[in-house]
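Trainee: Pasting a structure below so you can have a look.
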């Protein structure tokens, strides 16, 4: 059977599974629609959270991002940043928000800061964060379809939207939870199977986590060889070479961690477990399931990069690979544009090295090279892995299904966060408090359908800034939502004026800094304060600025609180109440 | 179920916060400390095929995070029981 047919069968089977779950898990009440009825087992919720959390970017792009763009060591910011946030969630947020026992993140902010204005500001922050994030997922769906199934990007996107529509509109959080569990199983198999084989081939160790510290057939440790190979070609040392300054690594990691803890679509997953105790352990289980991928990714990154270099310049001969002798996967991925070869010195061989560095230029002068001839897209490290490792076609088909599962599961979670903030916080909470259960459920379905349309539109017409949107979403969540939640739980002093001013200041400062680097609303020509130059604030990069925005949020909230009226007694009592883990059942039926 | 007295409520919260602070210190040390600030020093130590700082940044910190969360969940379960606030 050819690859195309197998891919259709595997992807078709997973889609049928998701639709089957949708039919079985129809939401009958708002409680089922928003929090899956609130009775999800903590391990199951951990698995759903892992799929909710790991996006198309984690699955397709992260290994390449670590190995290529961030040169190995620099990629540690993503590994630590995107996992360390769960410690914050487990200890600082999830148990208390679960005790609060309601349906959305803005609802907590509205109640804790006794103000519909605070609630609306939180809704606006949530929508900015989640919409920027969802664009990346929609692109992921289109890209996965176009690369693996040879349907065009737009058609792929329509198919993906239809699938999400079926289970998210009918099933709400209930449908999403069970499909996310299925999607986790698909994506983790798709990620680990090729990794295990590559690790076996290179180091003889089936566990990639150990293989990364293992040795190659000739006894050289893998990482030592990799450092050698990349530095010989003029690239930065893989294990020690800094891609970012220490300060940037620090703030970037911090932004990703607190951004993770402040992402509404992740937080609402913890509203679905029965008790406070379950919320704590569920965060642990979520990280277990995430860590399986996140400890494998650095191994995939290093091994795939070594494979790539050694394919092009085999150590055995020392000669560069002739283009005519390139393996089949090379030309397959050349067709997609992920690999681009240009024979600059006309010797018919492929030269891949860093022509920007002194070492690379010296090497070129010695060998008669005329510049780097190969452009490698980050994504290829994961996508081409099964072919490089010569795995059977069903593994390649599984990678396609895995990429789609990662994109769809995150998109669905984001869409639920967006639609519930519209139907529950804006419609029921602010405009029509008299709305009955049945009409609210109907509005929540309409909001979900609308959110899918908007996300689909943005996926079809991605704004120019779409590439960097996922990183931006973290910065915005870190600077707006996270501080408001944390202060709401750990301080009885911060009042509504403080919280509102803090959220606005945090998100505005962060957006201001990002726009100053990339153009107002990402329109390239609308620059301001250009004389300050890039990264003017202590050299901090735009993507890493969320942590600074969070600090601004904390400071502004404290100062404004000091100048305005204190928090009413009943709200202080509410804070006391959420700090007590017992009594969840009573709180939930509101 | 709630606390027996106001003092119990205060004691429970301060035990919770002090446990949290201890664990957050470890969280900071394994990631920002060992993985970033001290990485260069730790990289002079080789464990198996790994430089130690690199191992912390790309593997060790994640394992530590896992241990921290499960330890916290377990310790808080005990604390809840001690103060009689572990009911539904």
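Residue numbers (the working numbering), protein chains in the order written: chain A, 1 to 590; chain B, 1001 to 1088. The beta-carbon is built from N, C-alpha and C at its ideal position, and this holds for glycine as well. Values in this document were obtained by computation on a predicted structure and should not be read as measured data.
1. For chain B, find out if any of its Cβ atoms is closer than 8 angstroms to the Cβ of residue 277(A); answer yes or no.
2. For residue 429(A), which residues in chain B fall below 9 angstroms Cβ to Cβ?
3. Say whether chain B places a C-beta atom closer than 8 angstroms to the C-beta of residue 579(A).
4. According to DSSP, residue 1050(B) sits in a beta bridge with which residue or residues?
5. DSSP puts residue 376(A) in a beta bridge; with which residues?
6. Between 192(A), 402(A), 251(A) and 233(A), which has its C-alpha nearest residue 299(A)'s C-alpha?
7. If we cut at 8 angstroms on Cβ distances, does residue 86(A) have a partner in chain B?
8. Relative to the C-alpha of residue 113(A), which residue among 549(A), 501(A) and 582(A) is closest?
9. Taking the C-alpha atoms as reference points, what is the distance between residue 350(A) and residue 374(A)?
10. Once you ignore the five residues that flank residue 19(A) on each side, which residues in its own chain have a CB closer than 6 angstroms to its CB?
11. Return the chain-ordered ranges of every alpha helix (DSSP H) run that is complete within the stretch 70 to 149 of chain A and spans a minimum of 4 residues.
12. Can you give the Cα-Cα distance for residue 470(A) and residue 410(A), rounded to whole angstroms?
13. Could you check whether the stretch 154 to 174 of chain A touches the stretch 444 to 463 of chain A, counting it as contact only if at least three pairs of C-beta atoms, one from each stretch, sit closer than 8 angstroms?
14. Distance, Cα to Cα, residue 103(A) vs residue 4(A)?
15. Could you say which of 337(A), 416(A) and 378(A) lies nearest to residue 449(A) if we only look at CA atoms?
16. Hey, could you find the ends of the alpha helix (DSSP H) residue 457(A) is sitting in?
17. In chain order, what residues of the same chain have a beta carbon less than 7 angstroms from the beta carbon of residue 589(A), not counting five sequence neighbours either side?
18. To the nearest angstrom, how far is it from the Cα of residue 97(A) to the Cα of residue 203(A)?
19. Using 8 angstroms as the cut-off, can you tell me whether the stretch 113 to 128 of chain A makes contact with the stretch 422 to 432 of chain A, which would need three or more C-beta pairs spanning the two stretches below that distance?
20. By the 7 angstroms beta-carbon criterion, what residues does the stretch 1068 to 1084 of chain B contribute toward chain A?
21. Would you say residue 297(A) and residue 71(A) are within 8 angstroms of each other, going by their C-beta atoms?
22. Identify which residue in 43(A), 83(A) and 51(A) has its Cα closest to the Cα of residue 1062(B).
23. Whole angstroms is fine: what's the gap from residue 1079(B)'s alpha carbon to residue 265(A)'s?
24. Hey, out of 21(A), 340(A), 226(A) and 201(A), whose CA is closest to residue 183(A)'s CA?
25. Can you give the Cα-Cα distance for residue 406(A) and residue 131(A), rounded to whole angstroms?
26. Put residue 568(A) into one of helix, strand or coil per three-state DSSP.
27. Give the interface partners of residue 1062(B) over in chain A, defined as CB-CB distance under 9 angstroms, in chain order.
28. Let me know if residue 1085(B) comes out buried or exposed under the rule of 16 or more other beta-carbons within 10 Å of its beta-carbon.
Mentor: On the basis of the supplied data:
1. yes
2. In chain order: nothing, as chain B lies at least about 27 angstroms away.
3. yes
4. 1047(B)
5. Its beta-bridge partners are 339(A).
6. Residue 192(A) is the option with its Cα nearest to residue 299(A).
7. yes
8. 501(A)
9. 7 angstroms
10. Beyond the five residues adjoining it in sequence on each side, residue 19(A) comes within less than 6 angstroms, by CB distance, of 166 in the same chain, given in chain order.
11. 76 to 88, 94 to 100, 105 to 112 and 116 to 148
12. Whole-angstrom Cα-Cα distance: 12 angstroms.
13. yes
14. 43 angstroms
15. Closest by alpha carbon: 416(A).
16. Counting along the chain, the alpha helix (DSSP H) containing residue 457(A) begins and ends at 437 to 460.
17. In this prediction, residue 589(A) has a pLDDT of 47, which is less than 50 and means its spatial position is unreliable; what the coordinates show is noted afterwards. Its chain contains no residue whose beta carbon lies nearer than 7 angstroms to that of residue 589(A) once the 5 sequence neighbours on both sides are disregarded.
18. 45 angstroms
19. yes
20. 1068, 1069, 1070, 1072, 1073, 1076, 1077 and 1080
21. Result no, Cβ atoms of residue 297(A) and residue 71(A) do not sit closer than 8 angstroms.
22. 83(A)
23. 30 angstroms
24. The residue with the shortest Cα to Cα distance from residue 183(A) is 21(A).
25. 17 angstroms
26. coil
27. 79, 80, 83, 84, 287, 290, 291, 294 and 295
28. Classification for residue 1085(B): buried.
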